[in-house]
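Under the numbering used here, the first residue of the sequence shown is numbered 47, with each subsequent residue one higher. Glycine residues also receive a C-beta, built at the ideal position from the N, C-alpha and C atoms. Computed from a predicted structure; not experimentally measured. Input: a single structure, listed below in structure tokens.
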Amino acid sequence: MEDNSNKHFKGQQRDEEVVYYSCKHWITLAPLMIEFVLAVAILAALVSFLIGVENRPEWARWVFVAMTGVTALWLHSFFTRTLNYFLDIVIITNFRVLKVEKSLYLKDDQNIVDLHEIQDIKKIQHGIISNLFDYGKLVIVTPTMIEPMILENMPDPERFFRKVNNSKRDYIYQRQQRKLKTSNYEYADGQVVNQ
């Protein structure tokens with residue numbers, strides 16, 4: 047079992063411990079990596095073409111300037127989308143499940159479900175690719191929420207499913223033990239008397 051005692055996050059409650067956390071599956075970065083390879087290949091072809099042009103006509107300079115501008119914009123977009131991948135995380139603690147969706151500039155969302163409110167968890171893993179690369183969708187249903195919490199592209203959804211269920215079971219057990227402990231005392235005139 048992993049030791050997550052050194053893991054902390056903004057908004058963490060007192061006595062709250064991180065049980066498990068994860069980004070989305072790496073397969074969500076695959077289109078971005080394919081785009082990167084294609085862009086580098088196109089840029090290399092353009093540069094080699096422009097280097098090969100003798101006496102460099104006026105249009106070659108303008109193509110180079112335009113290519114530099116487009117490359118700068120694309121690189122900014124590429125690194126922003128790559129960072130956004132690492133900013134979207136799901137955290138399971140001993141009290142709750144947090145879905146943190148952030149982007150570098152525009153988005154900062156948190157969706158929180160207390161463990162004792164979870165009514166049902168559904169694991170969805172359809173298709174050859176998702177079973178081959180072991181990623182899927184988890185749907186957490188609570189009676190107090192209008193829409194369920196949907197966790198898309200989670201790596202190893204079976205493990206995540208078990209972690210949520212085990213954390214919920216431990217949380218309910220701890221609450222029952224606290225209730226039993228406090229029910230052994232009788233309150234009279236503001237005094238706590240052990241029975």
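Anyone know if the C-beta pair for Y181 and I88 falls short of 9 Å?
The residue labelled residue 181 in the question sits at position 135 within the sequence shown. The residue labelled residue 88 in the question sits at position 42 within the sequence shown. For Y181 and I88, no; Cβs fall outside 9 Å.
Please name the residue, chosen from K70, I218 and T114, that lies closest to F206 on a Cα-to-Cα basis.
Position 160 of the sequence shown, counting from 1, holds the residue named residue 206. Nearest option by C-alpha distance: K70.
List in chain order: all unbroken alpha helix (DSSP H) runs of 4+ residues lying wholly within the region 132-217.
With a minimum length of 4 residues, the continuous alpha helix (DSSP H) runs that stay inside the region 132-217 are 174-178.
Between T139 and E63, how many whole angstroms is the CB-CB distance? I'm expecting something under 8 Å.
As a first step, residue 139 is located in the sequence shown; it is residue number 93 there, counting from the start. As a first step, residue 63 is located in the sequence shown; it is residue number 17 there, counting from the start. Contact holds; Cβ gap of about 6 Å.
Closer than 7 Å by C-beta to K148: which residues in its own chain qualify, once you throw out the five before and the five after it? Chain order, please.
As a first step, residue 148 must be located in the sequence shown, where it is residue number 102. Setting aside the 5 residues that flank it on each side, K148 is surrounded in the same chain by L133, D134 and D154, each with a C-beta closer than 7 Å to its C-beta; the list follows chain order.
On a CA-only basis, which of N199, S213 and Q223 is nearest L75? Give me that one, please.
Taking the sequence shown and counting its residues from 1, the one referred to as residue 75 is at position 29. Taking L75 as reference, the option from N199, S213 and Q223 with the minimal CA-CA separation is N199.
Alpha carbons only, please: which of L129, P201 and N130 is nearest the one belonging to K169?
Counted from its first residue, the sequence shown places residue 169 at position 123. A check of alpha carbon separations from K169 across L129, P201 and N130 identifies P201 as the nearest.
Whole angstroms are fine: how far does the CA of E163 sit from the CA of V187?
Stepping through the sequence shown from its first residue, residue 187 is reached at position 141. Stepping through the sequence shown from its first residue, residue 163 is reached at position 117. Between V187 and E163, the C-alpha separation is close to 9 Å.
Our contact map puts V109 next to L119 with C-beta atoms below 8 Å; I'd like the distance itself, whole angstroms only.
Here residue 109 refers to the residue found at position 63 of the sequence shown. Here residue 119 refers to the residue found at position 73 of the sequence shown. L119 and V109 do not touch by the CB rule: their CB atoms are close to 16 Å apart, not below 8 Å.
In angstroms with no decimal places, state the Cα-to-Cα distance between I158 and R60.
Position 112 of the sequence shown, counting from 1, holds the residue named residue 158. Position 14 of the sequence shown, counting from 1, holds the residue named residue 60. I158 and R60: Cα-Cα distance of roughly 16 Å.
Thinking C-alpha only, which one of H54, K53 and Y66 is nearest R208?
Here residue 208 is taken as the residue at index 162 of the sequence shown, counted from 1. Selected option, being the one with the closest Cα: Y66.
From G173, L226, I137 and M195, residue whose alpha carbon lies closest to that of K53:
Here the question's residue 53 lines up with position 7 in the sequence shown. With distances taken between CA atoms, K53 lies nearest to I137 out of G173, L226, I137 and M195.
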